[in-house]
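J.:
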Amino acid sequence: MTSKIIEIIVTPEGKSSVQTLGFSGSSCRDASRFIEQALGPRIGEKLTAEFHQSASVRQANQQRN
Numbered sequence: 193m194t195s196k197i198i199e200i201i202v203t204p205e206g207k208s209s210v211q212t213l214g215f216s217g218s219s220c221r222d223a224s225r226f227i228e229q230a231l232g233p234r235i236g237e238k239l240t241a242e243f244h245q246s247a248s249v250r251q252a253n254q255q256r257n
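In this text, residue positions in the sequence shown follow this note's numbering: the first is 193, and each later residue adds one.
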């Protein structure tokens, strides 16, 4: 089972970024929504390959490994 991680990075200048790891599809947005709401309006978004994978494809890949 893959761990699900929400990583928050805050620079010395006060800029923050949120990165999710181990999520597939839009579940990452659901998981990090409360953090994004607390940090304020989003300036940008960079979607990973995991975002574009469906949960069934991800599970099939994990079973092969």
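Every residue, glycine too, gets a C-beta built ideally from N, C-alpha and C.
Compare the C-alpha of L213 against each of A241, I198, P204 and L231 and name the closest.
T.: Answer by Cα proximity: I198.
J.: Are the Cβ atoms of E242 and S216 separated by less than 8 angstroms?
T.: Cβ distance < 8 angstroms, so E242 and S216 count as in contact.
J.: Could you tell me the alpha carbon to alpha carbon distance between R221 and S195, rounded to whole angstroms?
T.: Roughly 16 angstroms between the two C-alpha positions.
J.: Could you compute how far the alpha carbon of Q229 sits from the alpha carbon of A223?
T.: Cα-Cα distance, rounded: 12 angstroms.
J.: Helix, strand or coil for E228 per DSSP?
T.: It is helical.
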